[in-house]
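Below is one structure, written out as structure tokens, with a few remarks after it.
Residue numbers (our numbering), protein chains in the order written: chain L, 13 to 450; chain D, 13 to 450; chain Z, 13 to 450; chain R, 13 to 450.
Here it is, written out as structure tokens:
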């Protein structure tokens, strides 16, 4: 991530939690928490309660669950005299932590009209007040390091939910024939750049994090991997690239698809990426800025793993492994937009410097051919927060680099996101790879 | 319906539409429309957007759709210069009238967060204003009779949706572990009455309506039916009666059930009526007044056709036919509560006078053994409103008498309600019948 | 049924069971049982084990189950010293008699490869031998009448399964792209006849059976019904008639369909009756005689209730009630083919005499608009055989008249068949009705 | 594989296809083809037509499809004058080769009663005769090497289907309450051995095949992988081991399960491995030798990936990666039974020599934690046979080592089998791994 300014105190996850002081922590806490509320403010009470499929959650639920996280893992254990805001929230806003107790059924989250939006606003305010008290108290507390580590985890957790809030509400609003806009229409005034192949040398390299600063447990330990030489595309696949695939009957040619992918295409009669619409022969996109014409130069998004693989097959290429991606990420330049842009769309990538990779960070999450699995020597975090990552290590594929909906400063080269192959409501795209000369 | 005061102008459907004047019509219109808003007022924006299954609709949708009905069938054709409130509503709030155009998919109505609750309030106000203009204009119009007939149809239609608003929101709120109350807790201070068998003489009788006052097309024409002598229970089955069925393993004995009913019990692991909960050995009910202990004397409700038949089989009885029910309804006395009570629960029936039938009207809709089918000589209404009834004449069973959620004055002896055998989210119950001495 | 020769002792169900002697019974028994085996003989071991949907059963299962019926209801209770052929058959070949015990799950009947076809042949032979012993023994037994009544019931039961064997194997074989033929190709050398409307006078008539000869419990008691005057079509709807409906976009016009029917059309993308195929613009039929061109003059079959209603709506007519049908059946002449023809296809109806109705019996089962419900005063038979009919009285529609797959002599004017509205693998068709002058 | 005798000409896949002569090839061909028929001979026509779920196929279909493979990829292209046995087979018995044309729908394979078992026998005989001609002709043909390579591929393909025949028919027969036995009851007279941890040194090792002898394309190219030190269990998990997991409430403790695994347990109410039954408190197994008591010493099988992971979690261990497994396989000794034993059950493993691994080959396929993915530099085979492996590289996990149903000589250290995480009808089990001292 070329343009991250480490002196910015908001980038709390680049600092060793052991070195954070209460002022820094409070500042970071306030920044992250208020970003959640800023995004939500454009949404009505009805908007915030929508759930359009079991995989997604209402915005109101995200706002409450991220607060529940601080309440459950910080306030209740560490703030003396803290009493829960509402006992029923333990059940209502637990996502999947069996160690904390039972959970309200996920597919029915959109049926919880009460507590309402205003009440969840009060819940957040109350948690914030108590967290301020805890952080001041924490400075001198014996559990200081443990608290600070959990605060940083909680803030990273909330940032992840900020991204989900954007993708989930986009999915829900897409059911509305009025194509509602909740952000300014993204600008796409840049012209496209050609795709070049960047050669990367392999060898016995290392991936994963050994940084004392925050990272998720799934990024550790740093470990050795042997890579052949390979090539990466200088930019992600664009809408124009993908249109050529469609025009070449890409969705009708089984030889391009994984077997499961072809079954998915046929069962769902898929003919284009999610949120692409064809009206009167013209291709349109639904974005959080409304419905507009597709720009061939902009980065293609909302592709799932099957579409990514089929495109790569058609293009005579393949997806990178996550080790290749991470190893090559030192060549990154010219990040794509992240959530701080407020546009929630990947835009047209800037031209990369010679031998460098554009939009490795920001823009779209990039599918890899690596399944989500534990690194050698992986140890889940202790306690209920240990359910954060490890138990999802089946059936999902790793994505790298962050997207236009990822909060600024949230990702890093070792960051591992993961989704199921058919998922396409995230801002996901493709960067092609090829074998190099050995 | 013993206690209907025909001088009350609100009971518009007891008056021949040809005799209604604009003052009467406006008064009735105002009464019905404001009842919708009074009920909705207790519900938040989030509440009003809930949809818990494809069979139900959000309260907000009901409020909009009933307005759409007046707009589509009255304002657009008959009010000179009227322009639609919003073109997209034609699609969004059409329920099933293919004659009017395409419809937004029913199972996704809960995903329409925009227009929001406030906007639908403005829609209703605008429709009301234009309807007032139309009704004043109608007095002298050549289409006066046609307009008045459609107004009365529209008001009856809105009353039907008032009942659905209550049953649909009850279903949705039941998913909330807090068991929200939106009406005062129903009082049940009456003690129960014993069940007597009332003998009714058969013969070649007539059912159906030939009244010039309003009725739905499915109630016509009045026609001859031959009935054997039969007996009807003096009151509906009570919760205590039904508990005895449960305690006698009624839900585990296939011989009591229709084949399809037994399949339904097993596939859904049914052990009690909808909204009955057992906690610590005690039976509780969820009502719109909250969760409370079951009163054995109150009328059992939320039974479906299968449960009704199994109970009757267990009790050595059967369900009445709709002709038997209608023929016997002259013996009705002591109505159960209707929606005007504001309690939305069937209560304990009052004792009936000797030889009379208690709670035939109000309390619970009573399942009959008659499938919903056209009467001999049935003619659907002309135009798109002809889709109101006839096309539903398959797979459904007739229910009679109105419930605690039916607006006062809405039903009559010839009134035919209809639902599918497995449906149980309506206020539905059982009145037993037996063959008489022939 | 104009052409039934009552002297033929095989028509056992036209004789009062109280008057049957052991010779007659044995003769009838032999005739029915051997008809089952004659039909099966054309089918291989693999054919006989096929089950193509949960509603259907393998031919081998039908052969075993009909034998189980005699074993369970006659041999075990009445033949001294009889020991079951195989204990596991009690469970394997029980269809739905909860009174007899648990049942092997219906959808998995096609997974029972053992006992094999040969073993079921031995089972049948053994049952036949024991039944011969029982019938000779029965002559002097105190339970003679009870035995004879059950024998007649068992033979009628087997005849019903003979029809199901034909429809079930047709459904299964239709999955084979080779379109196997198991009977001679049906001849259709007759030219079509025009459709005339026959007027029938209504009034207070009687339907149902009070004949001492055999009938099913659902046909009793005979009872009074009031009918308006009505008209019936002189013949069922032909393939040519139905083609006109298709050509007039019948499958694309929601206004023609019941609401549930339209949902069925859309969910299954229905464009023609079952077993109709369009190849190179020509309409073909799959019949048990193979694949061949459709003959516009032949009676249309494999229509379900929804298709029947939509066709009637399109034709400006309606379906008859079962009371109308039965009342008019005295006007029947010129039966269509039954299973004795060996062709298993409805053929072209013969011209009816003036004022008479062709193909009322044989050809196709005719959908009525009457749901399958108990007659007034209906009493199920005692014991486990009481599960034969009553428990299916929900969600099904009555069909009348027998089909080309119904054994000769099996049906009668009061005979009530019943299937679910979406079912179309039976030989089912449509005879139109209209209201008469009152 | 310690006990493979390379001089045995039947082990055709250990010989470089370029060195095979027509005599060797014919001998190997005869051996493999006759093994298919020997297994099938115990099955009736009905047995051979069973299909109990979409994942499985009828034995008759396997017999035909393996013949279709030789016909399609060898006889039609290479045998001069060869005419297809039956044109319809091209469609009926194509499994998934889009390059060859359309395929009969997989879930309906059990509905193809015709061609029958005898006809498929004739098909096989005809193919065998033509293949003999081709092999003799091939000796001098210019395409000799290509032919020999395809013959070896076809024989390996048929061996894979031999294993599926066993697992598929076991699944189908398990629906029969009689628990049919088709092989002798497996003997389990050995006593169990304790589980020891064998230390294996890591480093930059190589896996995959560079042997000129036959292997599948997915085993190539041989490539470098870096491994940490690790430990492997000396034998697979036994039934007794797994019983301890069950007794410790393993199926009720979400913390032991992957998230998807826990969902699978709950949705299917899983309480034991497939084919385990509890009767009167005793645990029984269904095997192809019938139903018998579980022996705690025998290797546990029919576990899926989720069960394998949950067990490992409970045992404080993990699954090995496929690279670990392959690297450690040089320590293998004391193979478990393969299909040549005729018992089709994994038995009790023999004790391993010190520092060695028992039952690495044979017994059960062992789940690894590696998803099925292309090796670096993977190239699918050219032409339609290139659809053999690559298109399945999503959502599946790699299994290693072969099972009691794998034909002798079929597997090798680099062999990669793959199934979906929920699959458990294969003979699949668990060998535990742990991190070593680094």
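Built from N, CA and C at the ideal position, the CB exists for glycine as well.
This structure is a prediction, so every number in the text was calculated from the model and none was measured.
Contact belief for residue i with residue j at Cβ below 8 angstroms, rounded distance in angstroms
i, j, result
"residue 252 of chain D", "residue 220 of chain D", "In fact, because the Cβ distance is near 36 angstroms, the residues do not count as touching under 8 angstroms."
"residue 247 of chain L", "residue 234 of chain L", "Incorrect: roughly 28 angstroms between the Cβ atoms, too far for contact."
"residue 166 of chain Z", "residue 82 of chain Z", "5 angstroms"
"residue 198 of chain R", "residue 48 of chain R", "Not confirmed; about 21 angstroms, so no contact."
Cα-Cα separation, residue i to residue j
i, j, result
"residue 306 of chain Z", "residue 408 of chain Z", "29 angstroms"
"residue 135 of chain D", "residue 119 of chain D", "23 angstroms"
"residue 158 of chain R", "residue 38 of chain R", "16 angstroms"
"residue 333 of chain Z", "residue 422 of chain Z", "22 angstroms"
"residue 110 of chain L", "residue 85 of chain L", "14 angstroms"
"residue 160 of chain R", "residue 24 of chain R", "11 angstroms"
"residue 42 of chain R", "residue 448 of chain L", "44 angstroms"
"residue 162 of chain Z", "residue 146 of chain Z", "12 angstroms"
"residue 35 of chain R", "residue 403 of chain R", "34 angstroms"
"residue 369 of chain D", "residue 289 of chain D", "30 angstroms"
"residue 30 of chain D", "residue 392 of chain D", "20 angstroms"
"residue 274 of chain Z", "residue 266 of chain Z", "6 angstroms"
"residue 455 of chain Z", "residue 32 of chain R", "Lying before the first or after the last residue shown, residue 455 of chain Z is absent from chain Z, which here runs from 13 to 450."
"residue 223 of chain D", "residue 69 of chain Z", "52 angstroms"
"residue 73 of chain Z", "residue 174 of chain Z", "12 angstroms"
"residue 137 of chain R", "residue 291 of chain Z", "35 angstroms"
"residue 20 of chain Z", "residue 352 of chain Z", "Legend: pLDDT at residue 20 of chain Z = 38, less than 50; position of this residue unreliable, value from coordinates given subsequently. Between residue 20 of chain Z and residue 352 of chain Z, the C-alpha separation is close to 14 angstroms."
CB contact flag (residue i, residue j, <7 angstroms)
i, j, result
"residue 378 of chain D", "residue 443 of chain D", "yes"
"residue 358 of chain Z", "residue 416 of chain Z", "yes"
"residue 154 of chain L", "residue 87 of chain L", "no"
"residue 440 of chain Z", "residue 360 of chain Z", "no"
"residue 64 of chain L", "residue 183 of chain L", "yes"
Extent of the continuous alpha helix (DSSP H) to which residue i belongs
i, result
"residue 80 of chain R", "71–82"
"residue 176 of chain R", "156–185"
"residue 339 of chain R", "334–340"
"residue 58 of chain Z", "57–60"
Host beta strand (DSSP E) of residue i (start-end)
i, result
"residue 298 of chain R", "294–299"
Scan the region 107–137 of chain R for residues whose Cβ lies nearer than 8 angstroms to a Cβ of chain Z and list them as they occur along the chain. Those would be 116, 120, 122, 123, 124, 125, 126, 128 and 129, in chain order.
Against chain L: residues of the region 73–98 of chain R by CB proximity under 8 angstroms: Within the region 73–98 of chain R, contact with chain L at the beta-carbon level (separation under 8 angstroms) is assigned to no residue.
Residues from the region 176–189 of chain L in contact with chain D, defined by Cβ distance under 7 angstroms: Cβ contacts with chain D: 184, 187, 188 and 189.
Taking beta-carbon pairs under 7 angstroms, can you tell me which members of the region 196–207 of chain L lie near chain R? From the region 196–207 of chain L, no residue has a Cβ closer than 7 angstroms to chain R.
Interfacial residues, the region 225–252 of chain L to chain R, with Cβ spacing under 7 angstroms: Of all residues in the region 225–252 of chain L, 236, 237, 238 and 240 have a Cβ within less than 7 angstroms of some Cβ in chain R.
Interface positions of the region 51–74 of chain L facing chain D (Cβ-Cβ less than 7 angstroms), listed along the chain: Taking 7 angstroms as the Cβ-Cβ cut-off, the region 51–74 of chain L approaches chain D at 56, 57, 58, 59, 61, 62 and 64, given in chain order.
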